[in-house]
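Contents: one structure, followed by commentary.
What follows is the structure, encoded as structure tokens:
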């Protein structure tokens, strides 16, 4: 189903930003070439950071503020003398219920058009609240240098600047096996389910589609050959209850109570300045009232 | 009845210094912490305080926040080293919350609004001071503990621990801010209780006010012969 069912011609409807788009990575067809990593760096003009994950073919140990997509390599246990490399194109999942958006105190992270989780680096203060809020370890704050761009969060934008102009994300355009597909989310889910059934028939009984319901629905979907944990993906990730409570209960209630308290003090002052004339209490002026 | 002259020593120089050291750090922390409450619209043009609270300026404010945090955590040393003899007796009194303190807390809101009611005699610290101290005491540790987790623990503590620290830090802020507003109002704005402010400026309190608001303490000090009373108001002593 690789190139035969190409999605290269698909474009989002520019007049309908409420349409939810998604990327689907068919990991069974990924060859780990890392072309997507290079295309991502090139398009987004992110700094090249040379690092290595010893013992694998992985280019970087993890994502960072300047590295928005990484092909993760996982070697399976040998069966019949054969082991297999599992590869997962790791980047921001653009969750429907995103931990990073919930945690961001300045609204630098928001839910944007097409289901994309947008990041405005101008508004980012580098607090890092988003880092532990992401169950996929997909957003990071650059703490290496002090400056305009440093100390800011960085993550995959789903190439919003490209898709809003009728183009495909850079990684999708460059993928030589067409294993990264971009299109309407519902259509991709239907395609993914069909592909899973096909893989099962081909002798991969554990094949599954990841991202349909996780975090309210991801905009990064995966056709996996093995269970999610084999790819380092969290099983049933969820939004932290403490974080939800912090943003949607504590903050509004706290602000409302502070406002009400301030109002109460103004009322008190209006009454007290009549009672305590000249700063003297009724006991001092001989006008004490007893209940 | 006019105000009589005469003042009584309430706080030592070290205690006054500690109060303002802690208070200044707290105010800087609260103001710089407001960056975390700003919820502007990043898609629109930044207006008002927006430009000050975001981007690289926001980062600078975070640095100031951390410097002030170190100041706040170190501030108790001013009292502990500057006037160690007063630490235990004052803490002992602050942590003793009796029936009179409870009665004070129940009557004070009405009394300080309408003048109605009779406040029970209070010690060096009245019920309100004690409640304020409890909040300051507790939030000192919750602020410091959660702040240190968020400052140094990111990436090394569990996500759940980080979120809990984030929650505790914000909760401490709302608790502390409520008490802070009340504290500033009563000591600097309220027409009657602002007469107590001099005690935290030069250590001396108007004796007539002290007899009304801290009767038990004044009588005790006089009985023991430890009261430092001077003729002239607190302002005169400041000179």
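Chains as they are written, first to last, in UniProt numbering: chain A, 1 to 291; chain B, 1 to 239. Idealized CB from N, CA, C, for every residue including glycine.
| task | Give the straight-line distance between the Cα atoms of residue 43 of chain A and residue 156 of chain A, rounded to the nearest whole angstrom. | result | 11 Å
| If you draw a straight line from the C-alpha of residue 267 of chain A to the C-alpha of residue 96 of chain A, how long is it? | 44 Å
| field | Complete runs of the beta strand (DSSP E) confined to the UniProt domain "4Fe-4S ferredoxin-type" (21-51) of chain A [at least 3 residues] | value | 21-26
| message | Tell me which residue opens and which closes the alpha helix (DSSP H) that residue 180 of chain A is part of. | response | Unbroken run through residue 180 of chain A is the beta strand (DSSP E), 180-184; no alpha helix (DSSP H).
| query | Can you give the Cα-Cα distance for residue 226 of chain B and residue 220 of chain B, rounded to whole angstroms? | reply | 9 Å
| said: I'd like to know whether the C-beta of residue 49 of chain A is nearer than 8 Å to at least one C-beta of chain E. | reply: Among the chains of the structure shown, chain E does not appear; the protein chains present are A and B.
| task | Using a threshold of 8 Å, state whether the C-beta atoms of residue 76 of chain A and residue 163 of chain B are closer than that. | result | no
| request: Just tell me which of B:34, B:126, B:84 and B:115 has its CA closest to the CA of residue 99 of chain B. | output: B:126
| request: Indicate the three-state DSSP secondary structure (helix, strand or coil) for residue 274 of chain A in the structure shown. | output: helix
| task | Give the residues of chain A in contact with residue 59 of chain B, contact being defined as C-beta atoms less than 7 Å apart. | result | 125, 126 and 151
| Nearest-angstrom Cα distance between residue 103 of chain B and residue 252 of chain A? | 32 Å
| field | Unbroken beta strand (DSSP E) run spanning residue 87 of chain A, endpoints | value | 85-90
| said: Just to confirm the assignment, what range does the beta strand (DSSP E) spanning residue 122 of chain A have? | reply: Looking at the DSSP string, residue 122 of chain A is not in any beta strand (DSSP E), and its letter there is neither H nor E.
| query | At least one CB of chain B closer than 8 Å to the CB of residue 18 of chain A: is that the case? | reply | no
| Three-way DSSP call (helix, strand, coil) for residue 7 of chain B in this model | strand
| field | Within chain B, the residues that residue 236 of chain A reaches when beta carbons sit closer than 7 Å | value | The contacting residues do not exist; residue 236 of chain A stays about 15 Å from chain B at best.
| task | Give a yes or no on whether the C-beta atoms belonging to residue 185 of chain A and residue 115 of chain A are separated by under 8 Å. | result | yes
| When DSSP builds the beta bridges, which residues end up paired with residue 208 of chain A? | A:224
| field | residue 68 of chain A versus residue 140 of chain A: straight-line alpha-carbon distance, rounded | value | 9 Å
| said: What residue range does the alpha helix (DSSP H) around residue 18 of chain B cover? | reply: 13-33
| field | Distance CB(residue 220 of chain A)-CB(residue 232 of chain A) smaller than 8 Å | value | no
| message | Along the chain, where does the beta strand (DSSP E) containing residue 243 of chain A start, and where does it finish? | response | Premise fails: residue 243 of chain A lies in the alpha helix (DSSP H), 241-245, not in any beta strand (DSSP E).
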